[in-house]
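Working notes, beginning with the structure itself.
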Amino acid sequence: MGEAARAGRAGGQGARGLFREGDGIVRNGAKILMSRENVLAIAEKYGLDMHGVRFSLDKNRRGSGPGREFYGVTMPDGEIKLARDAFMNEEQLARTLAHERFHLDELRNGHEFPWDEAGRAAYESRAYAYEERWWQAHKHLLEAGSD
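The sequence shown maps to residues 1 to 147 in the UniProt record's numbering.
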């Protein structure tokens, strides 16, 4: 059993205040512990297919404060890099995964990676529109399974 799971089973006595809830996600208050296991647990909870998806956790990169957060990026080779800001809470991690998975699906379907500003703006606009529609259809899951 990992340290985070032990902390969660300690009934709140864990040194770092980590708690594993009924959905298997390790949290510290509203924040989600930055781990591959939590990414996969959130993906499963929200029905996001991570089979064959390469992703990494960028524990150093973050935004520059409120309103300038950096959640993640999908690289030209299809690897998804998740940054610290994505783990601020369950909703943000779920939305980030849906957003980056949308980019990955576009790349896999033959869309070119946008190297210029105009292309990048359109790329992000499509992904944010998808993310918002996706969240409206899935936000009811936020409370599901966290008991």
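Every residue gets a Cβ at the ideal spot worked out from N, C-alpha and C, and that includes glycine.
So, under 8 Å CB-CB, residue i and residue j are touching, yes? Tell me the CB distance rounded to an integer number of Å.
i       : j       : result
Ala-98  : Leu-48  : 6 Å
Phe-102 : Ala-122 : Contact flag wrong, Cβ pair sits at about 13 Å.
Ala-41  : Gly-24  : 5 Å
Tyr-46  : Ala-94  : 5 Å
So is residue i buried or exposed if we call it buried at 16+ other beta carbons inside 10 Å?
i       : result
Glu-131 : buried
Asn-109 : exposed
Glu-90  : buried
Trp-134 : buried
Asn-60  : exposed
Trp-120 : Reading off the sequence, residue 120 comes out as Arg, not Trp. Arg-120 is exposed by the Cβ-count criterion.
Glu-100 : buried
Determine the contact status of residue i and residue j, defining contact as a CB-CB distance below 8 Å.
i       : j      : result
Lys-139 : Phe-87 : no
Arg-54  : Gly-78 : yes
Asp-85  : Gly-63 : yes
Leu-107 : Ile-80 : no
Val-26  : Leu-33 : yes
On a CA-only basis, which of the options is nearest residue i? Give me that one, please.
i      : options                             : result
Asp-58 : Arg-108, Glu-90 and Met-75          : Met-75
Gln-92 : Asp-116, Phe-113, His-51 and Phe-70 : Phe-70
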